[in-house]
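Structure first, commentary second.
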Amino acid sequence: MPTTSRKADFPGLVGRDGQPWHYLDTAATAQKPQAVIDAVSRAMGTDYATVHRGVYGRSAEMTLGYEAARRRVAAFVGGREEEIVFTRGATEAINLVAYAWPDKGRVLLSQLEHHSNIVPWQLAGWQVDVCPLTGDGRIDLDAAEAMLTPEHTMVAFAHVSNVLGSTLDARRAAYLAHAVGAKLLLDGCQAVPRMPVDVAALDCDFYAFSAHKLYGPTGIGALWGRADLLAAMTPWQGGGAMIDRVAFTGTTYAPPPQRFEAGTPAIVEAIGFAAACDYVDGIGREAIARHEADLARSLREALQPMNDVTLFGPEDSAGIVSFAIGDIHPHDLGTILDEENVAIRAGHHCAQPLMDHLGVPATARASFGLYSSQDDIDALVRGIERARRIFG
Ligand code: PMP
6 MPTTSRKADF PGLVGRDGQP WHYLDTAATA QKPQAVIDAV SRAMGTDYAT VHRGVYGRSA
66 EMTLGYEAAR RRVAAFVGGR EEEIVFTRGA TEAINLVAYA WPDKGRVLLS QLEHHSNIVP
126 WQLAGWQVDV CPLTGDGRID LDAAEAMLTP EHTMVAFAHV SNVLGSTLDA RRAAYLAHAV
186 GAKLLLDGCQ AVPRMPVDVA ALDCDFYAFS AHKLYGPTGI GALWGRADLL AAMTPWQGGG
246 AMIDRVAFTG TTYAPPPQRF EAGTPAIVEA IGFAAACDYV DGIGREAIAR HEADLARSLR
306 EALQPMNDVT LFGPEDSAGI VSFAIGDIHP HDLGTILDEE NVAIRAGHHC AQPLMDHLGV
366 PATARASFGL YSSQDDIDAL VRGIERARRI FG
């Protein structure tokens, strides 16, 4: 993939000193292409008005734009428009299911989940069971099969781990969940930017993701949910736009997805979300997946010969590589790399139970995007070599 030209689409990839910025923290949030920035700017400028309420032309046009964005996002994951609830992000999408699902019982999570796929279930009063991992850092579906019982009403797994880059065999997870009568929620935050996703082919019941990891704006994400399941769920937040009729004697609610979108929605962000889907599909998700897998392999190959390196996660990780270099604290490594215009993530990556499992307080993580290149890896490796010299 010609990443040089792709980099030119992203104004954020230039450092404060005007030099290239080797941004290797795309799993935290992706840089934005000019096409998305322009779409957001138009929506916030010349096209701006509220949606769903105005009787004037601009509002009617914006309503069409907002609902077209919903169709676009639905198509991006192979769903129907009435199955897409716009949320503040993946976190809110998972909270929505955890709170609004009528049959709160036992949920099976895994050891590698992001906190946003752990804490909502705890807060909403579910009984949480934890599926272990295989030796190479995948969710152990043989163990899941042995653990699942008819008491489980939900299974909620990351489609791709934000720390290890391991990809779930989602179809098998769906089969196992459905075999005991449970639903499968996939946390698709890290999968949606990195590979083709088709919710029907995956056979899942809910799919949660965030626009900002998909080259779109912050402040918006989506919950895709099977229409019959959304219809069985009661609202979890009340306010304008989610009602049918309000009276002090009793209020009735709009059908999904509006039922779950209380208040003025993130109109501008929805338009930007759709523009991001267009941009990514213009490149092609198969091509992005191959590109990121090649980069992950290349980084592993560059690090492996260092005698003090620990690589976490499977060989075939999807564009995300976590590692440790000897006794160098990941934060110190991150600070030295920053001096070299290289940005990595250092910390627990909002996955403390996974850190406990790995036996470390933190890892260093390099994560790629469609704009990442071998140059970025070379700069990272040079920076790591410098850190090793400094720390002896
Ligand atoms: N799940 C995973 C796997 C993630 O990587 C993240 C973001 N780091 C989230 C959930 C939460 O996403 P957001 O903060 O956009 O709601």
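Each residue of the sequence shown is one higher than the one before, counting from 6 in this note's numbering.
Beta carbons are placed, not taken as given, at the ideal position from N, Cα and C, and that holds for glycine.
In the three-state DSSP reduction, arginine 250 falls in the strand class (E or B). Here the C-alpha atom of isoleucine 272 lies approximately 42 Å from the C-alpha atom of methionine 152. Judged by their CB atoms, valine 135 and leucine 114 are nearer to each other than the 7 Å cut-off.
For phenylalanine 162, the uninterrupted beta strand (DSSP E) segment begins and ends at 157-163. Between the ligand PMP and glutamine 195, a heavy atom-to-CB distance of less than 6 Å is present. In the three-state DSSP reduction, valine 19 falls in the strand class (E or B). Not one heavy atom of the ligand PMP is found less than 6 Å from the C-beta of asparagine 100.
Between arginine 199 and the set Ala301, Gln116 and Thr340, the nearest pair of CA atoms involves Ala301.
For histidine 27, the pairing in a beta bridge is given by DSSP as Val347. Judged by DSSP in its simplified three-state form, valine 314 adopts strand. A residue is called buried once 16 or more other Cβ atoms fall within 10 Å of its Cβ, and arginine 264 is buried on that count. Per DSSP, aspartate 321 lies in no beta strand (DSSP E) and is assigned neither H nor E. As a beta-bridge residue in DSSP terms, leucine 113 pairs with Asp134 and Val160. For alanine 371, DSSP records a beta bridge to Val326. Counting only unbroken stretches of 3 or more residues, the beta strand (DSSP E) elements lying wholly within the stretch 138-207 are 157-163 and 188-192, in sequence order. If you look at valine 90, you'll find it in the beta strand (DSSP E) that goes 89-92. In this structure, leucine 235 and proline 201 do not form a Cβ contact; the two beta carbons are roughly 24 Å apart against a cut-off of 8 Å. One alpha carbon belongs to valine 60, the other to alanine 280, and they sit about 26 Å apart. A distance criterion of 6 Å places the beta-carbon of alanine 323 beyond contact range of the ligand PMP, judged by its closest non-hydrogen atom. For asparagine 312, the shortest separation between its Cβ and any heavy atom of the ligand PMP does not lie below 6 Å. For the 7 Å CB-CB criterion, alanine 98 and alanine 213 form a contact. For glycine 245, no beta strand (DSSP E) segment is defined, and its DSSP state is neither H nor E. If one requires a minimum length of 4 residues, the alpha helix (DSSP H) runs lying completely within the stretch 214-285 are 232-236, in chain order. The three-state secondary structure of phenylalanine 81, taken from DSSP, is helix. Restricting attention to Arg143, Gly84, Leu169 and Ala44, the CA atom closest to the CA of threonine 315 is found in Leu169.
Taking a contact as a CB-CB distance under 8 Å, the pair leucine 146 and leucine 181 counts as one, their CB atoms being some 6 Å apart.
By the criterion of a C-beta distance shorter than 8 Å, glutamine 309 is surrounded in its chain by Leu316, once the five residues flanking it on both sides are discounted.
Per DSSP, the unbroken alpha helix (DSSP H) holding arginine 387 starts and ends at 379-395. Distance from the C-beta of alanine 227 to the nearest heavy atom of the ligand PMP is not below 6 Å. With a cutoff of 6 Å, glycine 110 does not count as near the ligand PMP, since its C-beta is closer than that to no heavy atom of the ligand. Residue state for tyrosine 61 is assigned as coil, using DSSP reduced to three classes.
Secondary structure of glycine 70 (DSSP, three-state): helix. Tyrosine 53 carries a coil assignment under DSSP once its states are collapsed to helix, strand and coil.
Inter-residue distance for alanine 369 and glutamate 150 is about 32 Å (C-alpha atoms, whole angstroms). Comparing C-alpha distances from lysine 12 to each of Gly110, Ala48 and Tyr28 shows the shortest one belongs to Tyr28.
When the Cα atoms are used, histidine 354 and asparagine 100 turn out to be separated by approximately 19 Å.
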